[in-house]
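Working notes, beginning with the structure itself.
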Ligand code: SF4
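In this note's numbering, the protein residues as written are 739 to 1034.
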């Protein structure tokens, strides 16, 4: 195992596809930190790491002699930084680390909407290739109840700006997030928001409540009844049915999912829907991941 001589402020998160990337923590925590379901950064106060410290860490990584080819800029919403600051970080990476093929970060749609297309193009030309965005839902009621700080329109505006600057998008929808009460509108509108954005990658995760439902209900601003495993699968069916995607890599393989699906949408839409229909018809637990397999 490769030991990296830089210190991280824990907890540290990254998308599964960045498992082999160098993680540069240019901020700590999340500047929003209010989403009802999210416990990722509740133990941290949002901070921006001084540029000198970031620069020193990039130099330390360069001096290891290891050929990093992917970099993930942590923590939860590095794109909240000013374009100038982000460009300074990207230039520092480009001047000190040589074999970088991809630089990515998490982003909130509003961070993107607050930048101009020219600014986003500048970031892209400086190496920012991919943004991971937790859309969570395309439904305005659900977004309000979880206190996402975004709407259908603000999400589409921010993400289309990044897309038109040439930055690739990997977006996440959280199934089960509206409970039984809003399940169908959550599914239908989440399909619609994907259609508006046409992201390169889309995935579904299942709502997971590590601190328990009582804790979640203190923050969720409405009535909420948790979905059963097969109700979650049905919600996923409605979501997929409502998609009209041109060329999106779709995955429901994150550890939280009960049913693993992979394909290109819309090419594989009928095949994926058929698989879901078979699972729903038999309602056989053996078709789903067991709790211990979900690795949560
Ligand atoms: S914006 Fe993202 S990281 Fe921040 S609280 Fe919401 S889900 Fe968590």
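Glycine included, each C-beta is placed from N, C-alpha and C at the ideal position.
Residue 850 and residue 874 do not touch by the CB rule: their CB atoms are close to 16 Å apart, not below 8 Å. By the criterion of a C-beta distance shorter than 6 Å, residue 926 is surrounded in its chain by 980, once the five residues flanking it on both sides are discounted. In the DSSP assignment, residue 763 falls within the beta strand (DSSP E) that extends over 760-763.
Apart from the 5 residues on each side of it in sequence, residue 862 sits with its Cβ closer than 8 Å to the Cβ of 903, 904, 905 in its chain, given in chain order.
Between residue 782 and residue 885, the CB-CB gap reaches or exceeds 8 Å. The residues 821, 825, in chain order, have a CB closer than 7 Å to that of residue 860 in the same chain once the five nearest residues on each side in sequence are set aside. One alpha carbon belongs to residue 877, the other to residue 924, and they sit about 5 Å apart.
Rounded to whole angstroms, the separation of the alpha carbons of residue 791 and residue 997 is 43 Å.
Out of 935, 914, 752, the CA that lies nearest to the CA of residue 880 is found in 914. Taking residue 806 as the centre and dropping the five residues before and after it, the same chain places the C-beta of 759, 760, 799, 835, 837, 838 closer than 8 Å to its C-beta, in chain order. Scanning its chain for C-beta atoms nearer than 6 Å, with the 5 sequence neighbours on each side dropped, one finds around residue 753 the residues 870, in chain order.
For the options 774, 780, 775, the alpha carbon positioned closest to that of residue 750 is the one of 780.
Looking at 931, 899, 987, 922, the one whose alpha-carbon comes closest to that of residue 889 is 931.
When secondary structure is reduced to three states using DSSP, residue 819 falls in the coil class, being assigned neither helix nor strand.
Straight-line spacing of the CA atoms in residue 1021 and residue 757 works out to 34 Å.
Annotation: residue 787 to residue 817 spans about 13 Å, alpha carbon to alpha carbon.
Between residue 965 and residue 917, the C-beta spacing is below 8 Å. Residue 874 sits in a strand when the DSSP states are folded into three classes.
Comparing alpha carbon positions, the residue from 910, 1004, 970, 957 closest to residue 922 is 970. Around the beta-carbon of residue 801, fewer than 16 other beta-carbon atoms lie within 10 Å, marking it exposed. The beta carbons of residue 898 and residue 866 sit no closer together than 8 Å. The closest CA to that of residue 823, considering only 797, 808, 803, 765, is found on 765. About 5 Å separates the CB atoms of residue 883 and residue 959; that is less than 8 Å, so the two are in contact. Distance from the CA atom of residue 744 to the CA atom of residue 948, rounded to whole angstroms, is 29 Å. Just so you know, the alpha carbons of residue 1024 and residue 999 end up roughly 15 Å apart.
For residue 925, no beta strand (DSSP E) segment is defined; the enclosing uninterrupted segment is the alpha helix (DSSP H) at 917-935. Straight-line spacing of the CA atoms in residue 1018 and residue 974 works out to 11 Å. Inclusion of residue 978 and residue 1007 in the CB contact set at 8 Å is warranted, their separation being smaller than that value. Excluding five sequence positions before and after residue 984, the CB atoms of its chain that fall closer than 8 Å to its own CB belong to 936, 1004, given in chain order. For residue 1002, the three-state secondary structure derived from DSSP is strand.
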